[in-house]
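Undergrad: For the first sequence, the positions run 92 to 631 when the working numbering is used. The C-beta atom is built at its ideal place from N, Cα and C for all residues, glycine as well. Please see the structure below; I have some questions.
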Amino acid sequence: MKLKQLMNNFLQDFLNKEKIEFRDWNISVNNKEGYGDYSSNIALKLAKILKKSPIEIAKKIADHQNTTKNIFTISASLPGFVNFHISDIYYQEILDQIINEAENFGKKKKLNKSANVEFVSSNPTGPLTVGHGRQAILGDMVSNILTWNGYDVTREYYYNDAGKQMRVLAESCYAKYAQLIGRDVEIPENGYVGKYLDEIAKKIVDRYGKDLKDNNSVFRDFTEKEIFTNIESTLDSIGIKFDVFTKEGTFYKNGAIKNVLEILKEKDLSYEKDGAVWFKTSSLDKDEDKVLVKSTGEPTYRLPDIAYHADKVDRGFDLIVDIFGADHIDTYPDVILGLKCLDKKTDHIKVIIHQFVTIKKGGEIVKMSTRKANFITLDELNDELSSDIIRYFFIMRGANSHLDFDLDLAKDESEKNPVYYLQYANARISNLLKRYDKEISGDEEIDYTLLKEKDEIALIKLLSEFPNKMEEVSHSLEPRKIATYLEDVAGAYHKFYGNHKVINLEDLNLSFARKKLCEATKIILKNGLSILGISAPERM
RNA sequence: GCCCCGGUAGCUCAGCUGGAUAGAGCAACGGAUUUCUAAUCCGUAGGUCACAGGUUCGAAUCCUGUCCGGGGUACCA
Numbered sequence: 092m093k094l095k096q097l098m099n100n101f102l103q104d105f106l107n108k109e110k111i112e113f114r115d116w117n118i119s120v121n122n123k124e125g126y127g128d129y130s131s132n133i134a135l136k137l138a139k140i141l142k143k144s145p146i147e148i149a150k151k152i153a154d155h156q157n158t159t160k161n162i163f164t165i166s167a168s169l170p171g172f173v174n175f176h177i178s179d180i181y182y183q184e185i186l187d188q189i190i191n192e193a194e195n196f197g198k199k200k201k202l203n204k205s206a207n208v209e210f211v212s213s214n215p216t217g218p219l220t221v222g223h224g225r226q227a228i229l230g231d232m233v234s235n236i237l238t239w240n241g242y243d244v245t246r247e248y249y250y251n252d253a254g255k256q257m258r259v260l261a262e263s264c265y266a267k268y269a270q271l272i273g274r275d276v277e278i279p280e281n282g283y284v285g286k287y288l289d290e291i292a293k294k295i296v297d298r299y300g301k302d303l304k305d306n307n308s309v310f311r312d313f314t315e316k317e318i319f320t321n322i323e324s325t326l327d328s329i330g331i332k333f334d335v336f337t338k339e340g341t342f343y344k345n346g347a348i349k350n351v352l353e354i355l356k357e358k359d360l361s362y363e364k365d366g367a368v369w370f371k372t373s374s375l376d377k378d379e380d381k382v383l384v385k386s387t388g389e390p391t392y393r394l395p396d397i398a399y400h401a402d403k404v405d406r407g408f409d410l411i412v413d414i415f416g417a418d419h420i421d422t423y424p425d426v427i428l429g430l431k432c433l434d435k436k437t438d439h440i441k442v443i444i445h446q447f448v449t450i451k452k453g454g455e456i457v458k459m460s461t462r463k464a465n466f467i468t469l470d471e472l473n474d475e476l477s478s479d480i481i482r483y484f485f486i487m488r489g490a491n492s493h494l495d496f497d498l499d500l501a502k503d504e505s506e507k508n509p510v511y512y513l514q515y516a517n518a519r520i521s522n523l524l525k526r527y528d529k530e531i532s533g534d535e536e537i538d539y540t541l542l543k544e545k546d547e548i549a550l551i552k553l554l555s556e557f558p559n560k561m562e563e564v565s566h567s568l569e570p571r572k573i574a575t576y577l578e579d580v581a582g583a584y585h586k587f588y589g590n591h592k593v594i595n596l597e598d599l600n601l602s603f604a605r606k607k608l609c610e611a612t613k614i615i616l617k618n619g620l621s622i623l624g625i626s627a628p629e630r631m
């Protein structure tokens, strides 16, 4: 980051001297050989304004007085790029910084800012499926990213304990109970039929006996509690814990929902039609109006969601992140609109929508629905795969791409999984460091300038980009980018390792410098993996 | 109907706030193994970036249209 600032300052200095008013340039990492480490398009952009050829401008910039020659030199190349050649010394010195700051390298200081990340938020109507798993892991990593970047993060789980779904669940549970004790009761239409309900029904028989009537609250409360306990233990097994659980029922009890309706009515943003209450979204740039309260008197999900979000905004977070499945794609804009109508701040709300997961099992795609019982649970996945692999698989694809999770492949070819590639690099280093201590006793003088091989510089260059990477990810909130970066680091390390001997009794100074490079690499791998919640084993 | 996502090597996908010769893994083929852990490395081969226009000095990337695939959605959430 400091480096980029120096390069920007240099360009700005040139512009100042030439009295040119201009901002729209960028500096990007350059992996092409012979064109330096970083390049800027500034001359190409300036060409039009100055009405001169880009290469002419680039050359002029390259000739501009550079007060930081020990850090970089500048050249121009066709069609008009300005190239920065970073000196080896700059990179070599970064190693010192990485090793000194260790687990804090690239980490932001506390910002004194708070963030709320809402995810999973699955209603307790059944076990978590692999679809929830994707969201759970995405949310957890996004939370980690924010924490790393200085936010005080609250992980929140919101669920509906009051709506129609829970009523249907209770009815389904009663039907299972009744069937178990010989009463002739059918599972309601659109009811839940999963096996987990049989087990719960059995528990109810054991605990409460056979005389319960269908309207007994046990069927709702006990079932909810059972399922919720199961959900929490599932999440726990992949290393996820929440700070706050919020129930929809709260907003009925405290009047918040009623309040939303009243405000909308006052502002003439709602009306009654066909026995339902409608949200006048058509007057707010929407194609059609949406229902807030059904003709049955039950609110749709929109209404409590608006009340809930208003509550989150009122709690004063500096950043609110909502992670939803693709089924919310049409609905969250209504919630945001609702907030605006209530005069709530909304520009600090980030919504991450992720596409669904399909599971391939035995070459066939399993279509999942909680209601029909043909889903694969997160627990089942967890039984067969390690938490590390599950975590990695779920973020290998961008959130808005469909994820085909091939179960057989994940199991059978688990040794080819990229997560091992990362972990292996770490294990290799760990082993090497142990070996080093055994074979070479006592430290030599540190001389980082001995690290001038191409593979060494390339590795350090990558390591030095870690803080930039984390900064970038704090805005994009894409954990996958960390994974991709770490794969690059591991790759560069394996390459270095393959081509150069670290322990060399003939040259202890070089050995020591290389050992330090290994240590720095390990720090970066560990820091990155810890944000992903993936372990960094010492041995494999 | 409306909305979202995708179409890049044989396969799975990166790259998409426009930049130099489009990358990686797997699969294929050839090499490195008395190893500082080969779960690795080196090399070869593999491409009309779905298609057609447009904007630009410059397009896989931005805009428009078309085709193909996946998904969501209606007083269920």
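1) In three-state terms, what does DSSP make of N99?
2) With DSSP as the reference, label G589 as helix, strand or coil.
3) Our contact map puts E569 next to L513 with C-beta atoms below 8 Å; I'd like the distance itself, whole angstroms only.
4) Tell me which residues share the same chain as L599 and place their Cβ nearer than 7 Å to its Cβ, disregarding the 5 neighbours each side in the sequence.
5) Measuring alpha carbon to alpha carbon, tell me which of I548, E597 and H445 ends up nearest Y584.
6) Using the three-state DSSP reduction, which class does G416 fall into: helix, strand or coil?
7) Expressed to the nearest angstrom, what Euclidean distance is found between the alpha-carbon atoms of Y483 and G489?
8) Check the DSSP bridge columns for F336 and list the partner residues they point to.
9) Ignoring anything shorter than 4 residues, give me the alpha helix (DSSP H) runs that lie fully in the segment 245-324, in order along the chain.
10) Apart from the five residues on each side of it in sequence, which residues of its chain come closer than 7 Å, Cβ to Cβ, to E262?
11) Within 10 angstroms of the Cβ of L169, are there 16 or more other Cβ atoms? Answer buried if so, exposed if not.
12) Closest by CA to L476, which one among G416, V368 and I329?
13) With a threshold of 16 other CB atoms inside 10 Å of the CB of I295, please say whether the residue is buried or exposed.
14) Which residues bound the alpha helix (DSSP H) around K377?
15) Give the list of continuous beta strand (DSSP E) stretches no shorter than 3 residues that lie fully inside the segment 136-195.
16) Given this structure, state the Cα-to-Cα distance separating Y515 from G241, to the nearest angstrom.
17) Thinking A398 and L326 are a contact (beta carbons under 8 Å), I'd like their distance in whole angstroms, please.
18) For W116, which of helix, strand or coil comes out of DSSP?
19) Skipping 5 residues on each side, what residues in its chain have a beta carbon closer than 7 Å to that of K338?
20) Just how far apart, CA to CA, sit D297 and E379?
21) Per DSSP, what kind of secondary structure is T575 in: helix, strand or coil?
22) Please work out which residues of its chain come closer than 7 Å, Cβ to Cβ, to D479, disregarding the five sequence neighbours upstream and downstream, and give them in chain order.
23) In this structure, does DSSP put A627 in helix, strand or coil?
24) Are the beta-carbon atoms of L137 and W116 separated by less than 9 Å?
25) Look at Y539 and Q183 and say whether their C-beta atoms are less than 9 Å apart.
26) I want to know whether the segment 405-425 touches the segment 436-447 - three or more CB-CB distances under 8 Å.
27) Taking Cβ positions, are D334 and R406 nearer each other than 9 Å?
28) Rounded C-beta distance between I118 and K150? I'm assuming under 8 Å.
29) In angstroms with no decimal places, state the Cα-to-Cα distance between K201 and K436.
30) Rounded to whole angstroms, how far is the Cβ of I573 from the Cβ of K560, which I believe are closer than 8 Å?
31) Residues in the same chain with beta-carbon distance under 7 Å from E109, minus the five sequence neighbours each way, listed in chain order, please.
32) In the segment 340-406, which residue ranges form an unbroken alpha helix (DSSP H) of at least 4 residues, counting only runs that do not cross its ends?
33) Any idea if G273 is buried or exposed, counting beta-carbon neighbours within 10 angstroms, 16 or more meaning buried?
34) Buried or exposed: which applies to Q156, given that a residue is buried once 16 or more other Cβ atoms fall within 10 Å of its Cβ?
35) Would you report the Cα separation of K204 and L410, rounded to the nearest angstrom?
36) Going by DSSP in three states, K201 sits in which element: helix, strand or coil?
TA: Looking at the atomic coordinates:
1) If you number the first sequence from 1, residue 99 lands on position 8. Residue state, collapsed to three classes: helix.
2) Stepping through the first sequence from its first residue, residue 589 is reached at position 498. G589: helix per DSSP, three-state reduction.
3) Position 478 of the first sequence holds residue 569. Position 422 of the first sequence holds residue 513. Going by Cβ atoms, the distance from E569 to L513 rounds to 17 Å, so no, they are not a contact pair.
4) On the first sequence, residue 599 is found 508 positions in, with the first residue counted as 1. Correct list, in chain order: I531 and E535.
5) In the first sequence, residue 584 corresponds to position 493, counting from 1. Among I548, E597 and H445, the Cα nearest to that of Y584 is on I548.
6) Here residue 416 is taken as the residue at index 325 of the first sequence, counted from 1. Looking at G416 - three-state DSSP - the assignment turns out to be strand.
7) The count along the first sequence starts at 1 and reaches residue 483 at position 392. The count along the first sequence starts at 1 and reaches residue 489 at position 398. Distance between the alpha carbons of Y483 and G489: 12 Å.
8) Numbered from its first residue, the first sequence carries residue 336 at position 245. Partner(s): Y248.
9) 255-271 and 286-299
10) On the first sequence, position 171 is the one that residue 262 refers to. P279 and G282, listed in sequence order.
11) Here residue 169 corresponds to residue number 78 of the first sequence, with the count starting at 1. When all chains shown are included, L169 counts as exposed.
12) Position 385 of the first sequence, counted from the first residue, corresponds to residue 476. Here the closest residue by C-alpha is I329.
13) Locating residue 295 in the first sequence gives position 204, where the first residue counts as 1. Buried is the call here.
14) Along the first sequence, one-based indexing puts residue 377 at 286. From DSSP, K377 is part of no alpha helix (DSSP H); its letter is neither H nor E.
15) 163-168 and 172-177
16) Indexing the first sequence from 1 puts residue 515 at position 424. Indexing the first sequence from 1 puts residue 241 at position 150. Rounded to whole angstroms, Y515 to G241 spans 30 Å at the Cα level.
17) On the first sequence, residue 398 is found 307 positions in, with the first residue counted as 1. On the first sequence, residue 326 is found 235 positions in, with the first residue counted as 1. At roughly 25 Å, the Cβ-Cβ gap does not stay under 8 Å, so A398 and L326 are not in contact.
18) Taking the first sequence and counting its residues from 1, one reaches residue 116 at position 25. Correct three-state label for W116: coil.
19) For the purposes of this step, residue 338 is taken as the residue at position 247 of the first sequence. Counting only Cβ-Cβ distances below 7 Å, and skipping sequence neighbours, we find Y250 and D252.
20) One-based indexing of the first sequence puts residue 297 at position 206. One-based indexing of the first sequence puts residue 379 at position 288. When rounded, the distance between both Cα atoms is 51 Å.
21) Residue 575 sits at position 484 when you count from the first residue of the first sequence. T575: helix per DSSP, three-state reduction.
22) What you label residue 479 is simply residue 388 of the first sequence in a count that begins at 1. Within the same chain, D479 has close Cβ partners V510, I625 and S626.
23) Position 536 of the first sequence, counting from 1, holds the residue named residue 627. Three-state DSSP puts A627 in coil, outside helix and strand.
24) Stepping through the first sequence from its first residue, residue 137 is reached at position 46. Stepping through the first sequence from its first residue, residue 116 is reached at position 25. In contact: L137 and W116 (Cβ atoms closer than 9 Å).
25) On the first sequence, residue 539 is found 448 positions in, with the first residue counted as 1. On the first sequence, residue 183 is found 92 positions in, with the first residue counted as 1. Yes. Within cutoff.
26) yes
27) Taking the first residue of the first sequence as 1, we reach residue 334 at position 243. Taking the first residue of the first sequence as 1, we reach residue 406 at position 315. Going by C-beta atoms, D334 is not nearer than 9 Å to R406.
28) Your numbering for residue 118 matches position 27 in the first sequence. Your numbering for residue 150 matches position 59 in the first sequence. No, I118 and K150 are not in contact; Cβ-Cβ is about 18 Å, not under 8 Å.
29) Indexing the first sequence from 1 puts residue 201 at position 110. Indexing the first sequence from 1 puts residue 436 at position 345. When rounded, the distance between both Cα atoms is 24 Å.
30) If you number the first sequence from 1, residue 573 lands on position 482. If you number the first sequence from 1, residue 560 lands on position 469. Indeed, because the Cβ distance is near 7 Å, the residues count as touching under 8 Å.
31) In the first sequence, counting from the first residue as 1, residue 109 sits at position 18. Excluding positions up to five away in sequence, the list is empty.
32) 340-344, 347-357 and 393-405
33) Against the first sequence, residue 273 aligns to sequence position 182. Exposed, because fewer than 16 other Cβ atoms sit within 10 Å of the Cβ of G273.
34) Sequence index remark: in the first sequence, residue 156 carries index 65 (1-based). Exposed, because fewer than 16 other Cβ atoms sit within 10 Å of the Cβ of Q156.
35) Position 113 of the first sequence holds residue 204. Position 319 of the first sequence holds residue 410. Taking the straight line joining both Cα atoms gives about 8 Å.
36) Along the first sequence, read from residue 1 onward, the residue named residue 201 stands at position 110. K201: coil per DSSP, three-state reduction.
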